[in-house]
Amino acid sequence: MIREILVSVFLLIGGLLSLVAVAGVLRMPDLFTRMHAATKTGTVGISAITIGMMIHFGTITVISRGVLVIAFFLLTAPVAAHMIGRAAYRSGVSLWILTRIDEWKTHGEIGKED
Amino acid sequence: MVEFICPIVMLMLAVSFGVAFVRVAIGPTLPDRVVALDMAATIVVALILTHCVQSGSSYYIPAAISIALLSFVGTVALALYIRRGGPS
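For the protein sequence lines, the chains are F and G, in the order given.
Just add 106 to the spot in the first sequence (first one is 1) and you have this note's numbering.
Just add 114 to the spot in the second sequence (first one is 1) and you have this note's numbering.
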């Protein structure tokens, strides 16, 4: 009984986080704020759903594969977000009009590397 | 209890999947579309795992892992493409 409640709670957390993420992707004003919503919340949501699945099955095979899924997402999501953000900034995607801090514009040297 | 929760969660994930493709359609630049497609692939992985819980069979977890791998490789390839100048 407690196990079923735990599984349901983790699955609902994952579904609600995916809804929050998609609301952020649809409503945020800027590419970088949209990336904040998409990558961060997507990673936590899929971790919650995987933890729910691991509790539901409870065998060593499923738990090892679930840990593999979580580790893979936690490793690749920051790398992909960093590469997309850097490429988008360098290709001239405009920032939000209310952006306060743009450190690459004030301190960096655009066009000097690569 | 899980068999009541699973269709609700799958409905939430399906709605998220559809709305992510709204951003793919209206996204003003190419990186917006890449971010939305990456999130759609993440939601597909979550749908597969929820289907594992609902049907009670654990044979779909390697499919989830391989979809995650493909979405990462595709995102990195599109990021390199944007960095080399993109469609312009």
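Using N, Cα and C, we set each Cβ at its ideal position, and we do this for glycine too.
Less than 7 Å between the beta carbons of residue i and residue j, yes or no?
| i | j | result |
| --- | --- | --- |
| ILE169 of chain F | SER153 of chain F | no |
| GLU110 of chain F | VAL116 of chain G | yes |
| LEU150 of chain G | VAL131 of chain F | Residue identity differs from the one stated: residue 150 of chain G is Ala in this sequence, not Leu. Yes. Within cutoff. |
| ARG147 of chain G | VAL136 of chain G | no |
| PHE186 of chain G | THR147 of chain F | no |
| ILE166 of chain F | PHE116 of chain F | no |
| ALA134 of chain G | VAL128 of chain F | yes |
| LEU161 of chain G | LEU127 of chain G | yes |
| GLY120 of chain F | GLY151 of chain F | yes |
| ILE122 of chain G | ARG171 of chain F | no |
What does residue i reach in chain F if we use C-beta pairs closer than 9 Å?
| i | result |
| --- | --- |
| ASP151 of chain G | Residue identity check: residue 151 of chain G is Leu in the sequence provided, not Asp. Within chain F, no residue comes near LEU151 of chain G; the closest Cβ sits about 10 Å away, beyond 9 Å. |
| LEU184 of chain G | Near LEU184 of chain G there are no residues of chain F at all, since even the closest Cβ is about 11 Å away, more than 9 Å. |
| ARG147 of chain G | Here the premise fails: no neighbours, minimum Cβ distance about 10 Å. |
Determine the chain F residues that contact residue i at a beta-carbon separation under 8 Å, and present them in chain order.
| i | result |
| --- | --- |
| ALA178 of chain G | VAL175 |
With a 10 Å radius around its C-beta and 16 neighbouring C-beta atoms as the bar for buried, classify residue i as buried or exposed.
| i | result |
| --- | --- |
| MET160 of chain F | buried |
| SER200 of chain F | exposed |
| ALA143 of chain F | buried |
| HIS162 of chain F | buried |
| THR205 of chain F | exposed |
| THR189 of chain G | buried |
| ILE196 of chain G | buried |
| THR212 of chain F | exposed |
| ALA218 of chain G | Outside the modelled stretch of chain G, which goes from 115 to 202, sits residue 218 of chain G, for which no answer is possible. |
| MET153 of chain G | buried |
Residue i touches chain G at which residues, Cβ-Cβ below 7 Å?
| i | result |
| --- | --- |
| ILE108 of chain F | Ordered by position in chain G, no residue passes the 7 Å Cβ test against ILE108 of chain F, which lies about 11 Å from the chain. |
| GLY164 of chain F | None at all; the shortest Cβ gap to chain G is about 11 Å. |
| THR182 of chain F | PHE186 |
| SER225 of chain F | Residue numbering for chain F in the displayed model covers 107 to 220; residue 225 of chain F lies beyond these limits and cannot be assessed. |
| SER114 of chain F | MET115, VAL116, ILE119 |
| VAL199 of chain F | THR143, PRO145 |
So residue i and residue j are supposed to be a Cβ contact under 8 Å. How far apart are they, rounded?
| i | j | result |
| --- | --- | --- |
| ILE119 of chain G | SER124 of chain F | With 8 Å as the limit, ILE119 of chain G and SER124 of chain F do not qualify as a contact, their Cβ atoms being about 14 Å apart. |
| LEU163 of chain G | ALA182 of chain G | In fact, because the Cβ distance is near 11 Å, the residues do not count as touching under 8 Å. |
| PRO145 of chain G | ILE203 of chain F | Wrong, their Cβ atoms sit about 18 Å apart, outside the cutoff. |
| ALA187 of chain F | THR145 of chain F | 4 Å |
| THR139 of chain F | PHE179 of chain F | With a Cβ gap of about 21 Å, THR139 of chain F and PHE179 of chain F do not count as contacting. |
Taking residue i as the query, report the chain G residues whose CB atoms sit under 8 Å from its CB, ordered along the chain.
| i | result |
| --- | --- |
| THR205 of chain F | Correct list: empty, because the minimum Cβ distance to chain G is about 16 Å. |
| VAL168 of chain F | SER172, ILE175 |
| THR156 of chain F | LEU163 |
Given that residue i touches chain F, what residues does it touch there, using C-beta distances under 7 Å?
| i | result |
| --- | --- |
| ARG137 of chain G | VAL131, LEU132 |
| VAL190 of chain G | ALA186, MET189 |
### Query
Which full runs of the alpha helix (DSSP H) of 4+ residues lie inside the segment 143 to 180 of chain G, going along the chain?
With a minimum length of 4 residues, the continuous alpha helix (DSSP H) runs that stay inside the segment 143 to 180 of chain G are 144 to 169.
### Query
Fully enclosed by the segment 133 to 160 of chain F, which alpha helix (DSSP H) runs are 4 residues long or longer?
Scanning the segment 133 to 160 of chain F for uninterrupted alpha helix (DSSP H) segments of 4 residues or longer gives 137 to 141, listed from N- to C-terminal end.
### Length-filtered (4 minimum) alpha helix (DSSP H) runs lying within the segment 161 to 218 of chain F
Taking only runs of at least 4 residues, the alpha helix (DSSP H) segments lying wholly in the segment 161 to 218 of chain F are 166 to 196, 209 to 212.
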